[in-house]
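Shown next, in structure tokens, is the structure this report addresses.
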Amino acid sequence: MLELEHGFRVVDISARLPPTDGGGENRGPSITADRLEREMHQAGVTKSVVFPPSDPGTGYVAPNNGVARRSVDRPFVAFARINGTQTPGRNATGKLRNAVSRREEHHTSPSDVEKYAYDDRFHGFVLDPAVDGYPDDDILTALEDVDLPVIVRGGTDAPPETLEETLLDRSFPVIVGRFGGHPLNRALMDELIDLLDDYDDCYLETSFVRYREQLERALMEHPDRVFFGSGAPACHPNVAVMEILTLDVSEDLLRRAFSKNACRVVEALTVHADRRI
0 MLELEHGFRV
10 VDISARLPPT
20 DGGGENRGPS
30 ITADRLEREM
40 HQAGVTKSVV
50 FPPSDPGTGY
60 VAPNNGVARR
70 SVDRPFVAFA
80 RINGTQTPGR
90 NATGKLRNAV
100 SRREEHHTSP
110 SDVEKYAYDD
120 RFHGFVLDPA
130 VDGYPDDDIL
140 TALEDVDLPV
150 IVRGGTDAPP
160 ETLEETLLDR
170 SFPVIVGRFG
180 GHPLNRALMD
190 ELIDLLDDYD
200 DCYLETSFVR
210 YREQLERALM
220 EHPDRVFFGS
230 GAPACHPNVA
240 VMEILTLDVS
250 EDLLRRAFSK
260 NACRVVEALT
270 VHADRRI
């Protein structure tokens, strides 16, 4: 595919990278680190947040370390994937289930959060509630203590109402993937855009958002809260970049979405950080 030519600095907040070139993603396509780097270059993406694919019932220590190792000397910023023991819901059954659930060896612990936070290879966390569950209070407290951004996969299996009761009232930045409406649920996307009025540390990420109305509305109403995400490798970054470039908004709003907003929250994505590679 031909390289895109545009005048914007673009950083990507959402790309999955298997921890090894032989590793695949059970819920989507795999990709090598070299190919991902090449595709990002083709799309004009200067820096990408990468994290391992979700994998139900397993721990993430080895996959996280693999992704961090493969990010060395590449324009990648590694985020650590975490999991939890809790399920959403305030009914009696849900409360009882959460009360008796216990952290097992494959679950993220508070000490794991601290280790990732103080390891300069990692710059934030990722959570897929549909596969990984939700963190318990001890993990949430640890996340507040380290105060790094958390990317959360939003959608019909992790709707805005559930994210609001489990994560959004915490003090760390929460970046909700896919505008909270995957797959292509405009009502949920609009609901999450509305919630931005109530939560100053909540941000939206654009991967797999195919509706111009919701993209333009979020940028116009909340210009500092929208981060570009490609969703690679499931979506080629060229396609994701073009979807933002064709929006009917000002160049200033495009610059905010492509890089300025994310760089305020993830320091490793800044131009200054680029010079240290």
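Numbering of the sequence shown is given in numbering that gives the first Met the number 0, commencing with residue 0 and proceeding in unit increments.
A virtual CB, placed ideally from N, CA and C, is assigned to each residue, including glycine.
Predicted model only: the values in this text are computed from it and were never measured.
(message) I'd like to check one pair, residue 227 with residue 54: are the Cβ atoms closer than 8 Å?
(response) No, these two residues do not count as a Cβ contact at 8 Å.
(message) Could you check whether residue 264 and residue 198 sit closer than 8 Å to each other, using their CB atoms as the reference points?
(response) no
(request) Verify whether the separation of the beta carbon atoms of residue 35 and residue 231 is less than 8 Å. (result) yes
(request) Quick one: residues in its chain with C-beta nearer than 6 Å to the C-beta of residue 59, no 5 flanking neighbours on either side, listed in chain order? (result) 80
(request) Can you give me the start and stop residues for the alpha helix (DSSP H) that residue 164 sits inside? (result) 159 to 165
(request) Would you list the one or two residues that DSSP bridges to residue 85? (result) 133
(message) Since residue 7 and residue 254 should fall inside the 8 Å C-beta cutoff, what is the C-beta to C-beta distance between them, to a whole number of angstroms?
(response) About 6 Å; that satisfies the 8 Å criterion.
(request) Please specify which runs of the beta strand (DSSP E), each continuous and at least 3 residues long, are wholly inside the stretch 186 to 231, giving them in chain order. (result) 201 to 204
(request) Drop a sphere of 10 angstroms on the beta-carbon of residue 38, count the other beta-carbons inside from all chains shown, and report buried for 16 or more, exposed for fewer. (result) buried
(message) What residue range does the beta strand (DSSP E) around residue 177 cover?
(response) 173 to 181
(message) Cutting at 6 Å between CB atoms, please list the residues of its own chain near residue 220, excluding the five before and the five after it.
(response) none
(request) Determine which residues share a DSSP beta bridge with residue 124 and list them. (result) 79 and 149
(message) If you reduce the DSSP assignment to three classes, tell me which class residue 15 lands in.
(response) strand
(request) Tell me whether residue 60 sits in a helix, a strand or coil according to DSSP, three-state version. (result) Judged by DSSP in its simplified three-state form, residue 60 adopts helix.
(request) Going by DSSP, name the residue or residues bridged to residue 46. (result) 10
(request) Determine the contact status of residue 50 and residue 125, defining contact as a CB-CB distance below 8 Å. (result) yes
(message) For residue 86, tell me which candidate among 113, 217 and 157 has the shortest Cα-Cα distance.
(response) The candidate whose alpha carbon is nearest that of residue 86 is 157.
(message) What does the alpha-carbon distance come out to for the pair residue 190 and residue 196?
(response) 11 Å
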